[in-house]
Amino acid sequence: MFKKLLISTCSFTILLSATLKSESVYAPAVTVTGGQEEVDSLSGSGTFIDYETIEANNYDNIDQILKTIPGVYSREENGYGIFPNISLRGTDPGRSQKLTIMEDGVLAQPAPYTDFSAYYNPTSGNKSGIEVLMGSSQILYGPRTTGGVLNYLTTPIPQKRRFHLKTTYGNYLGVIGTGKSSGPSNMQWGDVRTHAYYGDTFNTNIGDLGVLVELYGRGDGGFRNWKEISQGASGFHKYEPMLKLSYAPNFDPTGFDLTHSFELKANHTRMIGDLGYAGVSRHDIKSNTWKAYGYTQKDRIWTERIAGHFKYNVEIPKFFDTKVTTTAYASKFHRDWAKAAEYSSTLNDTDGGTKFYTADQADELDTIDTGGAAGITVENKHNNRTYRVRGVEIRANSVFTTPVGDKSLDHSLTYGTRWHYDAYYDQSFYDYYNLFNSVMTLTSSTEKEAASYKEYKTWGRSLYIQDAISYNNLTVTPGFRYEKVDAKRTIGSLLSQDVEGYSGGVGFNYVQNGNLSFFGGVHQGSSFPKGADIFTSASGSRENMDPETSFAKEIGFRYKDVEKGLNTKAAFFHTDFEDLIVSSNTGAGTAVTQNAGEVEIYGIEFSGKYDLGYNMGWSLNNPWTIAYTYTEAEFQNDAKKSDGDTIYGNAAKGNDLPFINNHQLTIGTDFIKGPFSVGTIGNWKSSTWSSGENVNTKANDTRIGKIPARWVWDVKSSYKVGGIKYSAGVHNVFNNKYITTFLPLGPRPGAPLSAYFGITYDY
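Heads up, the sequence shown is in the working numbering, so the first residue is 2 and it goes up one at a time.
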């Protein structure tokens, strides 16, 4: 059904007339950076990426989108950006746990306090903008303030009637045997995407009524394949409808000259994917890069999320021009991820055995691929979990002036509070299969026999205040945040624990002239452990951890010359971490979160844009973009644990943090002539370690090694006529074979060369 819908939509798009025009829409409801116009006045580092930038490259992968921002590290996992591992300025990237991830300013992680691993991440391909905050700018956006903020902006309700439809079709041309998949996903195509929405605002005698209906869908056949049986692996499909309603009355029932507006949003996301944790051996990653082993053929993930929020905005002009936004939000997220965990050389064995990431020899690889001569038992673990979130946040901004002698200071005071509750329920179980002659047969399951049940709940309360104090060309912004966390768990008996966190700092922005400004600040951040890791375990594998703290400094400048199409930014940053909390293996073993001690991170960020064609007087525009990051991230003490299951074990003082490249560079250019454009963008990452040990190899552990440096180039083109735009491009145009990560279970290949063609229609 999903396939038929996408193909029908594509056919409908091709038949549309090209004579209709699009109408302008409201600007997105920017909540973090202030948008393209305000981001350069922040007292700290921030970046806003608009829809045109996302759409031009046909990106639906947050890893690809963020490569244009200096200071952002993204460890790819499956080539789609579904489960991103994002780090801002060198924090632990595992499952993006250190970030505050939001959608329209509302917390978006499955359980932001209890279990903030991003097994759900907002879809990128249907967003109107993406915002990133680092350093002292993040005080207002907890609960964690050591790692930065990532905010996704959904499609705004248009001011006038608007219909938008974009359909693209692509395929992987760099690998043979893709486009097929087994199981319920039943995908028989390459990559098909459709994004459609219709919206309007109606002017009535009681005010403005707005509505937006949106649908986004994507199906991808995958690019990894099984050698012994003619089936593909690693594909997925996803659909995501959304509804927005707004109402802005043209009267004030209170009689106090107030302005009111309301917004209701509801969205539903569902995904099924043939995705697992398995990597490729060191031998096969070179000779058969996109191989998937036979034991992974039952790997599959099902996820579903239902979420919504209600916002009430009121403006009180007679009380310091105060604006108050009250947001009530709720979500439910469920995932069941079945993936191969261990194997035994004895058939029908349910006692577990050897971890798959230890296999790296030819005979071992043949055994896990086909079952070998005698067959093996494969243990598939279902991480079956349900997450619930609900909360209310009240945020206000007041503008006023205070006299200082014969001068005055202008204030923009932002303050607020949040009451939050979230929980997750773990009902994991195991399936056992016999793998023989490349065929897996289910023999037993613990789902109904002895399903484990764990329950974690967290209540969070926060208070924050930040004042932007301006005098002439200088703005100084002090701020403070307080978080109180009450965590409870039920595993046989009820346990509870309270944790407090404090964040604060001050930033500045000084405008030298119309082109040049300076910014900087100091900031103390706090990040508490997730609910399951607040408690000490009886076995000692889990310690009772305090929140990690950071002390961050940054200083930089911005230079903009609109007439020449020049825009540059550079910053130096330095962060000291104490009690750094790291995810020990990201799902690869039995160990859990641990404390890595003290870490020092510092570096330089630079970004720039320049239109060469305009400045040279050419008959076309030729904008260039560059983003460069240099980072040093080092342990300041030996690892506190030497657990062989953790990638942070055996780290020594002076070693580099894993997955933090010393150098990153993105460079791109476009040639634009009227309705036609063509361009390219390339991304280079230097080599990096996959473990705190900083060793090239380790016996019986394919997760340990050094990830080589690599370049990846994309090309794009588009032509617009009337209300229709045609686009085409190639990702990884040189079909570069490269390793993205060694986690969770061995080397993972990046996506091969893929080509696409798309049509966008606006009315």
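Glycine included, C-beta positions come from ideal geometry on N, C-alpha and C.
Since the model is a prediction, treat every value here as computed from it, not as a measurement.
When the options are compared against residue i, the one with the closest alpha-carbon
i      : options                        : result
Gly72  : Asp411, Gly506, Thr576, Tyr422 : Thr576
Pro250 : Ala57, Ile708, Arg704, Thr205  : Thr205
Asn384 : Phe311, Ala308, Asp300, Leu366 : Asp300
Thr402 : Tyr431, Thr351, Ile470, Ile369 : Ile470
Lys382 : Ser413, Ile369, Gln428         : Gln428
Leu67  : Ala628, His421, His412, Ala653 : Ala628
Tyr503 : Arg391, Asn289, Gln525, Met243 : Gln525
Thr368 : Ser439, Thr415, Lys485, His310 : Ser439
Ala308 : Ser332, Ser288, Thr323, Lys324 : Ser332
Glu305 : Gly200, Thr124, Asn474, Gln637 : Thr124
Thr115 : Asp423, Ser413, Gly45, Phe660  : Asp423
Ile673 : Ile708, Leu666, Lys717         : Lys717
His269 : Ala279, Lys245, Pro659         : Lys245
Cβ pair residue i, residue j closer than 7 Å
i      : j      : result
Ile605 : Phe578 : no
Gly82  : Ile63  : yes
Thr447 : Phe430 : yes
Trp690 : Asp639 : no
Ser518 : Pro548 : no
Asn662 : Ser687 : yes
Gly91  : Ala634 : yes
Gly222 : Thr195 : no
Leu210 : Tyr248 : yes
Val1   : Leu436 : The structure shown does not extend to residue 1, since the chain is modelled only from 2 through 764, so no value can be given for it.
Glu215 : Thr260 : no
Phe263 : Tyr313 : yes
Tyr426 : Glu456 : yes
Asp105 : Arg559 : no
Gly45  : Gly406 : no
Gly392 : His421 : yes
Asn776 : Lys561 : Residue 776 cannot be examined here, being either before or after the span of the chain that is shown, 2 to 764.
As assigned by DSSP and simplified to three states, the class of residue i
i      : result
Thr368 : helix
Gln189 : Because the pLDDT at Gln189 is just 40, under 50, the model does not fix this residue reliably, and the value given afterwards should be weighed accordingly. It is coil, neither helix nor strand.
Gln139 : helix
Ser125 : coil
Ala109 : coil
Asn438 : coil
Phe672 : strand
Lys641 : coil
Thr359 : helix
Thr297 : helix
Asp763 : strand
Val281 : coil
Glu564 : helix
Ser25  : Residue placement at Ser25 is poorly supported in this model, since its pLDDT is 37, which falls under 50; the coordinates are not used for a value here.
Ser542 : Below a pLDDT of 50, predicted positions are generally treated as unreliable, and Ser542, at 49, falls in that range; no measurement from the model is reported.
Tyr631 : strand
Asp407 : coil
Gly614 : helix
Ile302 : strand
Asp41  : helix
Arg96  : helix
Sequence-distant residues of the same chain with beta carbon closer than 7 Å to residue i, five excluded per side
i      : result
Trp291 : Val176, Phe224, Arg225, Asn226, Pro750, Pro753
Gly184 : With a pLDDT of only 35 at Gly184, under 50, the local geometry of the prediction cannot be trusted, and the value read off the model is given with reservation. Result list for Gly184: Asp275, Arg301, in chain order.
Pro85  : Ile63, Asp64, Ser75, Ser97, Ala119, Asn122
Gly522 : Ser44, Gly45, Gly136, Ser137, Gly506, Val507, Gly508, Phe509, Glu555
Close Cβ partners of residue i (< 6 Å) along its chain, the five nearest in sequence each way excluded
i      : result
Thr101 : Tyr142, Arg145, Val150
Ser728 : Ser719, Gly759
Ser25  : Its pLDDT being 37, under 50, Ser25 is placed unreliably in this model, and the coordinates cannot settle the point.
Phe164 : Tyr199, Tyr764
Lys1   : Residue coverage of the chain in this structure runs from 2 to 764, which leaves residue 1 outside it and unanswerable.
Gly126 : Asp61
Residues near residue i in its chain [Cβ-Cβ closer than 8 Å; skip 5 each side]
i      : result
Lys128 : Tyr52, Ile55, Tyr153, Leu154, Thr155, Thr156
Phe252 : Ile207, Gly208
Asn733 : Gly175, Val713, Trp714, Asp715, Gly751, Ala752, Pro753, Leu754, Ser755
Thr698 : Arg283, Ile705, Gly706
Q | Those runs of the beta strand (DSSP E) which lie wholly inside the stretch 468-524 and span at least 3 residues | A | 475-492, 494-512
Q. In chain order, which alpha helix (DSSP H) runs of at least 4 residues are fully inside the stretch 682-759?
A. none
Q) Could you give the uninterrupted runs of the alpha helix (DSSP H) lying entirely in the stretch 52-80, keeping only those of 4 residues or more? A) 52-57, 63-66
Q: Only counting runs of 3 or more residues, tell me where the beta strand (DSSP E) segments fall wholly within the stretch 220-273, in order along the chain.
A: 225-227, 237-250
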